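Undergrad:
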Amino acid sequence: MSSPPTTGVPAPDGAALRAIENLLHEWARAIDEDRVEAAAALLTEDGEYKVVSRFNSDRGLPLALIHCRTAAQLRDRIASMRVANIYEKHFYRHLISGVQVIGEMDGAYEVRANYAVIRIMEHDGAMALFSTGQYRDSVVLEAAGARFRRRHVLYDSRAIDTCLVIPL
Amino acid sequence: MSSPPTTGVPAPDGAALRAIENLLHEWARAIDEDRVEAAAALLTEDGEYKVVSRFNSDRGLPLALIHCRTAAQLRDRIASMRVANIYEKHFYRHLISGVQVIGEMDGAYEVRANYAVIRIMEHDGAMALFSTGQYRDSVVLEAAGARFRRRHVLYDSRAIDTCLVIPL
Amino acid sequence: MSSPPTTGVPAPDGAALRAIENLLHEWARAIDEDRVEAAAALLTEDGEYKVVSRFNSDRGLPLALIHCRTAAQLRDRIASMRVANIYEKHFYRHLISGVQVIGEMDGAYEVRANYAVIRIMEHDGAMALFSTGQYRDSVVLEAAGARFRRRHVLYDSRAIDTCLVIPL
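Below, the structure written as structure tokens:
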């Protein structure tokens, strides 16, 4: 799992970097505050949201845990989480670290960041380190604000406890 | 537990945002370096420090684990921690993530951030994820620097291990 | 374990602070992406990399877990990790928080930050909170970019699981 180092890449200015960081934080906060639908609105309509293991990614294996090719597919998944899925109620708490712009491609910024998600069960308050990994994002800065054109979640551990209900 | 999204809120400039972020980090570092008294000095004299569960907050229940209505009350609590409380010695390590200014009110910035606190016992080095949650702060930028007018700690899990000695 | 508060220290401008933060994130990402050699390149040739427990540091005890007095010594250690050491394959995921410039000395910035390192075993995906602590860095901003003149890793828990193979 390698990605190009930052050397030689012109850094975005302070305002652009703040907008990018804020986008990542807004996604996390929307999910943690149980406003998951608001996270989906941060993906461009033709955007891609994919959750894939580091193991598969390292070996070029295509299988993903979630693969939404449009924002509509992500909204659909969230609707099913609200309406159809049966699961014990829980929340996430995201920790995001090391937001870095490592390049530019086709008018979008290539962004990397580490994440850890803590899961808290509502019933008994059980807390667990649920998932860690790396966000591999392509971010566009539009008049209406920053949005994800691509959000790949590379998760570290193949051992996912029970199931992945809420998006990471 | 919802809070307004950032949409439509004018972002503070880079220097203001750095001052706000630094305030949150200074609080955390003061506690982690066992200079808890210095954290209390970051609260305005008429400031409020409250630690409340997400469960109670979501239901509008008023009970808080800690509720200091002035900086003097917080200093008092810290003095009691130093002098009166009996507990096994331990330290905290704070991780702060996603500092966002989500609005302005009465000359203060409304700020949100996620936290995780790791507790390390001095005797045997046992490490545990002790608490996660969200800081819901009101921050004023004064000539002397940034300070908290209000710091609400919304903690995720009602299952607190043993007791909360050191402020979060 | 105390260090001077930020009071009275002139803050670096936004661009300098971003360069410093990016240096810390680049170190972490290089290690997490299994490009550990690239982390060593972020230390000046006469730079020092030291990993010491909070317990020893608090008592002025000199013993360190790792003590590289030059970048060459760190490269040597990494080469031995690649070639000579026998261990179960695993990865790290770094979370960095609270990067603060707390002073200037001899043309270098004194920087503090908290870290948590999650360790993920490749075989079974077992995830564990492996180490937390504080980075105590001296950072120089050179024409070629930011680098560490000194990187002291103060780790919180003396109870290290099995052994420390990959640098923190």
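Chains as they are written, first to last, in this note's numbering: chain P, 39 to 206; chain L, 39 to 206; chain U, 39 to 206. Positions of the beta carbon are idealized from the N, C-alpha and C atoms, including for glycine. Small disclaimer: the values here were computed from a predicted structure and weren't measured.
1) Would you please state the rounded distance, in angstroms, between the beta carbons of Ile156 (chain U) and Ala146 (chain U)? I believe it to be under 8 Å.
2) Nearest CA to the CA of Ser91 (chain U): which residue from L:Asp162, L:Gly141, L:Arg107, L:Arg113?
3) The segment 64 to 86 of chain U: which residues have C-beta closer than 7 Å to a C-beta of chain L, in chain order?
4) Please state whether the Cβ-Cβ distance between Leu179 (chain U) and Ala76 (chain U) is less than 8 Å.
5) Ignoring anything shorter than 3 residues or poking outside the segment 95 to 158 of chain P, list the beta strand (DSSP E) runs there in chain order.
6) What does the alpha-carbon distance come out to for the pair Val203 (chain L) and Val203 (chain P)?
7) What residues from chain P crowd round Thr170 (chain L), counting only those whose CB sits closer than 9 Å?
8) Pull up the distance between the alpha-carbon of Glu64 (chain U) and that of Gly98 (chain L), whole angstroms please.
9) Quick check on DSSP: helix, strand or coil for Val203 (chain P)?
10) Using the rule of at least 16 other Cβ atoms within 10 Å of the residue's Cβ for burial, across every protein chain shown, is Pro205 (chain L) buried or exposed?
11) On the DSSP bridge assignment, give the partners of His175 (chain U) in chain order.
12) Taking 8 Å as the CB-CB limit, is Arg56 (chain U) close to chain P?
13) Is Gly183 (chain P) close to chain U, meaning its C-beta is less than 8 Å from at least one C-beta of that chain?
14) Which residue comes first and which comes last in the alpha helix (DSSP H) that contains Asp84 (chain P)?
15) With distances taken from CA atoms, which of P:Gln111, P:Val149, P:Thr200, P:Met119 is nearest Val191 (chain P)?
16) Starting from the Cα of Met159 (chain L), find the closest Cα among L:Thr200, L:Glu142, L:Ala66, L:Ala151 and give me that residue.
17) Any C-beta of chain P sitting closer than 8 Å to the C-beta of Asp175 (chain U)?
18) If we call anything under 8 Å between Cβ atoms a contact, is Val74 (chain L) one with Ile124 (chain L)?
19) Listed from N- to C-terminal order along the chain, which residues in the segment 138 to 153 of chain P have their beta-carbon within a distance smaller than 7 Å of any beta-carbon of chain L?
20) How is Glu71 (chain P) classed by DSSP in three states: helix, strand or coil?
21) DSSP beta-bridge partners for Leu167 (chain P)?
22) Check each residue of the segment 188 to 199 of chain U: if its Cβ is closer than 8 Å to any Cβ of chain L, include it; give the result in chain order.
23) By DSSP, does Ala184 (chain P) sit in helix, in strand, or in coil?
24) At least one CB of chain L closer than 8 Å to the CB of Gly52 (chain U): is that the case?
25) When the Cα atoms are used, what is the spatial distance from Arg184 (chain L) to Asp144 (chain L)?
26) Residues in the same chain with beta-carbon distance under 6 Å from Lys88 (chain P), minus the five sequence neighbours each way, listed in chain order, please.
27) Should Ser169 (chain P) be labelled buried (16 or more other beta-carbon atoms within 10 Å of its own) or exposed?
28) With DSSP as the reference, label Arg56 (chain L) as helix, strand or coil.
29) With a CB to CB cut of under 7 Å and the five nearest residues on each side skipped, what residues in its chain are close to Arg196 (chain P)?
30) Would Arg113 (chain L) and Ala78 (chain L) be called neighbours here (beta carbons separated by less than 8 Å)?
31) Between the Cα of Asp72 (chain U) and those of U:Tyr173, U:Val137, U:Val177, U:Phe129, spot the shortest distance and give me the residue it belongs to.
32) Going by C-alpha to C-alpha distance, which of L:Ser118, L:Ala109, L:Pro100, L:Arg187 sits closest to Arg174 (chain L)?
33) Answer with yes or no whether the minimum CB distance from Gly46 (chain P) to chain U is below 8 Å.
34) Is Cys201 (chain L) close to chain U? Criterion is C-beta to C-beta, closer than 8 Å.
35) Please return the same chain residues whose Cβ sits closer than 8 Å to the Cβ of Met119 (chain P), not counting the five positions on each side in sequence.
TA: For this structure:
1) Position 118 of the third sequence, counted from the first residue, corresponds to residue 156 (chain U). Position 108 of the third sequence, counted from the first residue, corresponds to residue 146 (chain U). With 8 Å as the limit, Ile156 (chain U) and Ala146 (chain U) do not qualify as a contact, their Cβ atoms being about 30 Å apart.
2) Your numbering for residue 91 (chain U) matches position 53 in the third sequence. Closest option to Ser91 (chain U), Cα to Cα, is L:Asp162.
3) none
4) Within the third sequence, residue 179 (chain U) is the residue found at index 141, counting from 1. Within the third sequence, residue 76 (chain U) is the residue found at index 38, counting from 1. Contact: no.
5) 104 to 106, 128 to 143
6) Position 165 of the second sequence holds residue 203 (chain L). Position 165 of the first sequence holds residue 203 (chain P). Answer to the nearest angstrom: the Cα atoms are 35 Å apart.
7) Your numbering for residue 170 (chain L) matches position 132 in the second sequence. What Thr170 (chain L) touches in chain P: Arg131, Leu133, Ile156, Ile158, Met165.
8) For the purposes of this step, residue 64 (chain U) is taken as residue 26 along the third sequence, with counting starting at 1. For the purposes of this step, residue 98 (chain L) is taken as residue 60 along the second sequence, with counting starting at 1. Rounded to whole angstroms, Glu64 (chain U) to Gly98 (chain L) spans 43 Å at the Cα level.
9) Translated into positions along the first sequence, residue 203 (chain P) becomes position 165. In this structure, Val203 (chain P) counts as coil in the three-state DSSP scheme.
10) Residue mapping note: residue 205 (chain L) aligns to position 167 of the second sequence, counting from 1. Flag for Pro205 (chain L) reads buried.
11) Sequence index remark: in the third sequence, residue 175 (chain U) carries index 137 (1-based). Per the sequence shown, the amino acid found at residue 175 (chain U) is Asp instead of His. Answer by DSSP bridge pairing, in chain order: U:Val149, U:Arg189.
12) For the purposes of this step, residue 56 (chain U) is taken as the residue at position 18 of the third sequence. Cβ-Cβ to chain P under 8 Å: yes for Arg56 (chain U).
13) Here residue 183 (chain P) refers to the residue found at position 145 when the first sequence is read from its first residue. No, Gly183 (chain P) does not count as interfacial toward chain U.
14) Along the first sequence, one-based indexing puts residue 84 (chain P) at 46. Careful: Asp84 (chain P) lies outside any alpha helix (DSSP H), inside the beta strand (DSSP E) at 81 to 91.
15) Taking the first sequence and counting its residues from 1, the one referred to as residue 191 (chain P) is at position 153. Nearest option by C-alpha distance: P:Val149.
16) On the second sequence, position 121 is the one that residue 159 (chain L) refers to. Out of L:Thr200, L:Glu142, L:Ala66, L:Ala151, L:Thr200 has the C-alpha closest to the C-alpha of Met159 (chain L).
17) Translated into the one-based positions of the third sequence, residue 175 (chain U) becomes position 137. False, the Cβ-Cβ gap to chain P never drops below 8 Å.
18) In the second sequence, counting from the first residue as 1, residue 74 (chain L) sits at position 36. In the second sequence, counting from the first residue as 1, residue 124 (chain L) sits at position 86. For Val74 (chain L) and Ile124 (chain L), no; Cβs fall outside 8 Å.
19) none
20) On the first sequence, position 33 is the one that residue 71 (chain P) refers to. Reduced to three states, the DSSP call for Glu71 (chain P) is coil.
21) Position 129 of the first sequence, counted from the first residue, corresponds to residue 167 (chain P). DSSP, once it has assigned bridges, lists P:Ile156 as partnering Leu167 (chain P).
22) Asp194, Ser195, Arg196, Ala197
23) To locate residue 184 (chain P), count along the first sequence from 1; it is residue 146. If DSSP states are grouped into helix, strand and coil, Ala184 (chain P) belongs with the strands.
24) Reading the third sequence from its first residue, position 14 is the one you call residue 52 (chain U). True, the Cβ-Cβ gap to chain L drops below 8 Å.
25) Within the second sequence, residue 184 (chain L) is the residue found at index 146, counting from 1. Within the second sequence, residue 144 (chain L) is the residue found at index 106, counting from 1. Rather than Arg, the amino acid found at residue 184 (chain L) in this sequence is Ala. Approximately 15 Å, taken between the alpha carbons.
26) As a working mapping, residue 88 (chain P) is identified with position 50 in the first sequence. Excluding sequence neighbours, Lys88 (chain P) sits near Ala102, His105, His190.
27) Working through the first sequence from its first residue, we reach residue 169 (chain P) at position 131. Flag for Ser169 (chain P) reads buried.
28) As a first step, residue 56 (chain L) is located in the second sequence; it is residue number 18 there, counting from the start. It is helical.
29) Within the first sequence, residue 196 (chain P) is the residue found at index 158, counting from 1. Contacts found: Ser91, Phe93.
30) By one-based count along the second sequence, residue 113 (chain L) stands at place 75. By one-based count along the second sequence, residue 78 (chain L) stands at place 40. Going by C-beta atoms, Arg113 (chain L) is nearer than 8 Å to Ala78 (chain L).
31) By 1-based counting over the third sequence, the position of residue 72 (chain U) is 34. Out of U:Tyr173, U:Val137, U:Val177, U:Phe129, U:Phe129 has the C-alpha closest to the C-alpha of Asp72 (chain U).
32) Translated into positions along the second sequence, residue 174 (chain L) becomes position 136. The option with the nearest alpha carbon to Arg174 (chain L) is L:Arg187.
33) The residue given as residue 46 (chain P) occupies position 8 in the first sequence. Annotation note: pLDDT 46 at Gly46 (chain P) (below 50); position unreliable, coordinate value reported separately. Gly46 (chain P) does not count as touching chain U.
34) As a first step, residue 201 (chain L) is located in the second sequence; it is residue number 163 there, counting from the start. Closer than 8 Å: no.
35) In the first sequence, the residue the question calls residue 119 (chain P) occupies position 81. Hits under 8 Å: Val74, Val203, Ile204.
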